[in-house]
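Only one structure is covered here, and it is reproduced in the block below.
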Amino acid sequence: MLSDCWIVAACRSWNDPFTTTAGVRHASDPDHPRRPGAKPGHPSSLAARNHATDARRAAQGGGADRRRHQPSAGRRRRCRRRAGRSRGLAAGTDYRRHQQRCREGGIHCRRRNHADRRPWRPWGTNLRRSAGSTGHRLGLRRPDPGRPPAGATGVTARSLRQIVGLAPTFQPGSSLAASKTALLLIDYQQEYRQGPLALPDEATASAVARRLRAWAEAAGVTVIHVQHRVPAGSLLFADGSPGAEPLPGLAPASGQSLISKRLPSSFVSTGLAELLHSAGIETLLLAGYMTHNCVDATARDAFHRGYRVGIVADACATRDLPGVGGATISAAQVHAAVLAGLGDRIAEIVELATLEALSIA
35 MLSDCWIVAA
45 CRSWNDPFTT
55 TAGVRHASDP
65 DHPRRPGAKP
75 GHPSSLAARN
85 HATDARRAAQ
95 GGGADRRRHQ
105 PSAGRRRRCR
115 RRAGRSRGLA
125 AGTDYRRHQQ
135 RCREGGIHCR
145 RRNHADRRPW
155 RPWGTNLRRS
165 AGSTGHRLGL
175 RRPDPGRPPA
185 GATGVTARSL
195 RQIVGLAPTF
205 QPGSSLAASK
215 TALLLIDYQQ
225 EYRQGPLALP
235 DEATASAVAR
245 RLRAWAEAAG
255 VTVIHVQHRV
265 PAGSLLFADG
275 SPGAEPLPGL
285 APASGQSLIS
295 KRLPSSFVST
305 GLAELLHSAG
315 IETLLLAGYM
325 THNCVDATAR
335 DAFHRGYRVG
345 IVADACATRD
355 LPGVGGATIS
365 AAQVHAAVLA
375 GLGDRIAEIV
385 ELATLEALSI
395 A
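So the sequence shown is numbered by my numbering: it starts at 35 and just counts up by one.
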């Protein structure tokens with residue numbers, strides 16, 4: 035019996051344009067049964083008042099009241115403010131006024147039903163920095179033509195050495211004590227000319243290194259050669275292999291010391307520290323391969339041991355490296371970044387031309 039009632043109600047809902055749910059009449063239906071005691075403002079009560087007003091005006095010879103009985107203006111504003119709060123706007127915001135201003139371009143908002151009248155932009159670029167907005171929380175904002183790009187603060191970058199006031203040792207016109215200075219030529223070997231470790235700037239850097247060696251020998255600076263050598267049978271720098279041989283013009287000359295190492299630092303498990311101490315060396319000039327590996331490790335160890343360190347940038351080189359996401363970082367970028375880090379405090383970054391302009395004492 036109950037199921038039959040539901041079927042009748044469903045059929046009535048399908049055929050009756052005044053029904054919204056099965057078997058339920060809408061208030062706009064003239065045949066809607068009025069409920070006794072309906073409160074003012076209730077849809078059924080408003081509909082009854084509308085029909086009564088139309089009947090009265092028709093009897094008086096006038097047309098139906100087109101305005102009908104609507105809530106007061108104050109009530110409509112209160113309703114719109116409540117609608118604004120439900121849409122995430124500030125308390126007291128008139129939603130219709132906000133919507134109109136948004137469409138006219140007077141304000142910016144991220145409401146989905148307002149964005150259809152704005153030109154399309156990639157996601158995240160049309161968000162202003164407003165309190166509580168998704169763009170503000172995610173750090174996204176619309177590019178400002180008058181705003182400098184990220185990292186461009188307009189302030190010249192300074193190294194830690196400049197901040198604390200350390201005077202540069204190597205500058206044109208200054209004096210260099212040759213008897214207390216040593217030049218370390220690090221890993222100028224054939225592995226960096228050919229094979230898997232070939233450096234893109236090896237030819238240029240090696241040419242500078244040969245000129246640097248000639249300058250040091252003429253100035254009376256101690257020249258020390260450092261070569262990377264591992265036991266025979268290793269893939270790289272195997273003792274006795276062609277890759278371990280020195281590059282042309284950079285082999286140790288008669289009377290010049292040769293240090294063999296197995297780790298990036300020239301000080302670890304070698305006699306370099308004792309050699310420098312016995313010679314009374316206080317300043318070390320470094321040049322060699324690769325900038326990010328053996329040159330970097332040797333410079334840091336020398337600084338930690340109390341030496342004044344200078345790195346001849348144009349006599350050093352490195353190779354392309356894979357980045358964090360797998361993208362290739364060029365050798366020039368790696369070289370510049372490593373030298374910038376070392377130059378912050380560990381060493382002074384110089385070029386051969388600067389050394390040639392020094393006064394030798």
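C-beta: ideal position from N, C-alpha, C; glycine also. For clarity, every value in this text was computed on a predicted model and none was experimentally measured.
- Item | Among ARG227, ALA93, ILE197 and HIS262, the one whose alpha carbon lies nearest that of LEU219 | HIS262
- What residue range is occupied by the uninterrupted beta strand (DSSP E) comprising SER299? SER299 -> no beta strand (DSSP E), and no H or E assigned at all.
- Message: For LEU306, report the span of its alpha helix (DSSP H) as first-last.
- Response: 306 to 313 is the span of the alpha helix (DSSP H), which, as asked, contains LEU306.
- Message: Given a cut-off of 8 Å on the beta-carbon distance, is the pair VAL410 and ALA248 in contact?
- Response: Outside the displayed range of the chain (35 to 395) lies residue 410, so it cannot be described from this structure.
- Item | Cutoff 6 Å; reference VAL242; Cβ partners in own chain excluding five residues on either side | ASP348, ALA349 and LEU386
- Task: Report the residue from SER303, LEU194 and ALA89 whose alpha carbon sits nearest the alpha carbon of ARG379.
- Result: Ranked by Cα distance from ARG379, the options SER303, LEU194 and ALA89 are led by LEU194.
- Message: Taking the alpha-carbon of SER275 as reference, which of PRO206, PRO282 and GLY267 has the nearest alpha-carbon?
- Response: GLY267
- If you draw a straight line from the alpha carbon of ALA201 to that of GLU382, how long is it in whole angstroms? 10 Å
- Out of GLY289, LEU281, ARG296 and ARG192, state which residue places its alpha-carbon closest to the alpha-carbon of LEU270. Check the Cα spacing between LEU270 and each of GLY289, LEU281, ARG296 and ARG192: the tightest is with ARG296.
- Relative to the alpha-carbon of SER291, which residue among ALA336, GLU225, PHE204 and ALA313 has its alpha-carbon at the smallest distance? When only C-alpha atoms are compared, the closest one is ALA313.
- Kindly confirm or deny that the segment 335 to 346 and the segment 221 to 230 touch, where touching means at least three C-beta pairs closer than 8 Å. The segment 335 to 346 vs the segment 221 to 230: no contact.
- Query: Under the three-state reduction of DSSP, which class applies to THR352: helix, strand or coil?
  - Reply: coil
- Within its chain, find whatever has a CB closer than 8 Å to the CB of ALA278; leave out the 5 residues flanking it on each side and keep chain order. Contacts found: GLN223, GLN224, GLU225, GLN261, HIS262, ARG263, PHE271 and ALA272.
- Item | Nearest candidate by alpha-carbon position, reference GLY322, set ALA287, SER300 and PHE337 | SER300
- Query: Closest to HIS259 by CA distance: which of GLN94, GLY359 and THR304 is it?
  - Reply: Ranking GLN94, GLY359 and THR304 by Cα distance to HIS259 puts THR304 first.
- Task: Have a look at THR203 and LEU310 and give me their C-alpha separation to the nearest angstrom.
- Result: Annotation: THR203 to LEU310 spans about 19 Å, alpha carbon to alpha carbon.
- When you compare each of HIS326, ASP88, ALA333 and LEU281 to ARG353 by their alpha carbons, which one comes out closest? Measuring from the Cα of ARG353, the nearest candidate turns out to be HIS326.
- Query: Near ALA333, which residues of its chain fall below 7 Å by C-beta distance, leaving aside the five closest residues on each side in sequence?
  - Reply: If we look at ALA333 and ignore the five residues flanking it on each side, its Cβ neighbours are LEU320, VAL343, ILE345, LEU376, ILE380 and ALA381.
- Message: So THR215 and VAL189 are supposed to be a Cβ contact under 8 Å. How far apart are they, rounded?
- Response: That pair is no contact at about 35 Å.
- Message: For THR388 and LEU306, what's the separation of their Cα atoms in angstroms?
- Response: 26 Å
- Helix, strand or coil at PRO276 [DSSP, three-state]: helix
- Message: Determine whether the beta carbon atoms of LEU210 and SER240 lie at a separation below 8 Å.
- Response: no
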